[in-house]
Amino acid sequence: MAYIDGFVAPAPDREAYIKMAAKAAPIFLEHGAIRVVEGWGHDVPRGKTTDFYMAVKAEEGENVVFSWIEWPDKATRDAGWEKVMADERMKPEGDMPFDGKRMFWGGFESIVDTAGDGK
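Per the working numbering, the sequence shown starts with residue 84, numbered consecutively.
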């Protein structure tokens, strides 16, 4: 059963974020990920009680990124993350294009997947 890591973060510069994400994605794939998806906020409504912007305390000029990494299972994910974090290519070149202090993330078991076997 697939395992998903999900991330939401504020980011001010689309091109800088794309550059960082394009550099990192192949490294995740090399270390066992099946798929890496990076989404730049496009149709993200503002809410009254909560929304993506409030969740990351987005500041003026920041957008929200929504990303996920799909792994074949949790064991592959755990081993993959260890390898990714030890990989020298993951060291940032300058400032990160998002505020990691306001990012949130989590790991999720797949419970419905219309692209897979439906289990």
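For every residue, glycine included, the Cβ atom is placed at its ideal position computed from N, Cα and C. Bear in mind the structure is a predicted one, so any value in this text is a computation, not a measurement.
Beta-carbon contacts of R160 that lie in its chain and below 6 Å, excluding the five residues immediately before and after: For the purposes of this step, residue 160 is taken as the residue at position 77 of the sequence shown. Once the five neighbours on either side are set aside, the close Cβ partners of R160 are Y86, W154.
If you count every other CB in all the chains shown that lies within 10 Å of the CB of P93, and 16 or more means buried, which is it? As a working mapping, residue 93 is identified with position 10 in the sequence shown. Label assigned to P93: buried.
Just curious, the beta strand (DSSP E) that D88 is in, first and last residue? For this step, residue 88 is matched to residue 5 along the sequence shown. First-last of the beta strand (DSSP E) with D88: 86-94.
Go through the region 124-192 residue by residue and report every complete run of the alpha helix (DSSP H) that reaches 4 residues or more, in order. 135-138, 157-169
Between which two residues does the alpha helix (DSSP H) containing A198 stretch? The sequence position of residue 198 within the sequence shown is 115, counting from 1. Segment: none, A198 is in no alpha helix (DSSP H) and carries neither H nor E.
Tell me which residues share the same chain as T197 and place their Cβ nearer than 6 Å to its Cβ, disregarding the 5 neighbours each side in the sequence. Numbered from its first residue, the sequence shown carries residue 197 at position 114. Once the five neighbours on either side are set aside, T197 has no close Cβ partner at all.
Output yes or no for whether 9 Å exceeds the beta carbon distance between V148 and F90. Taking the sequence shown and counting its residues from 1, one reaches residue 148 at position 65. Taking the sequence shown and counting its residues from 1, one reaches residue 90 at position 7. Result yes, Cβ atoms of V148 and F90 sit closer than 9 Å.
On the DSSP bridge list, what partners appear for G122? Counted from its first residue, the sequence shown places residue 122 at position 39. G122 pairs with F149.
Exposure label - E145; buried when at least 16 CB within 10 Å: As a first step, residue 145 is located in the sequence shown; it is residue number 62 there, counting from the start. By the 10 Å Cβ count, E145 comes out buried.
Would you mind sorting K202 into buried or exposed? The rule is 16 or more other CB atoms within 10 Å of its CB. Locating residue 202 in the sequence shown gives position 119, where the first residue counts as 1. Confidence is the limiting factor: at K202 the pLDDT is only 47, short of 50, which leaves the residue's position unreliable and the question unanswerable from this model.
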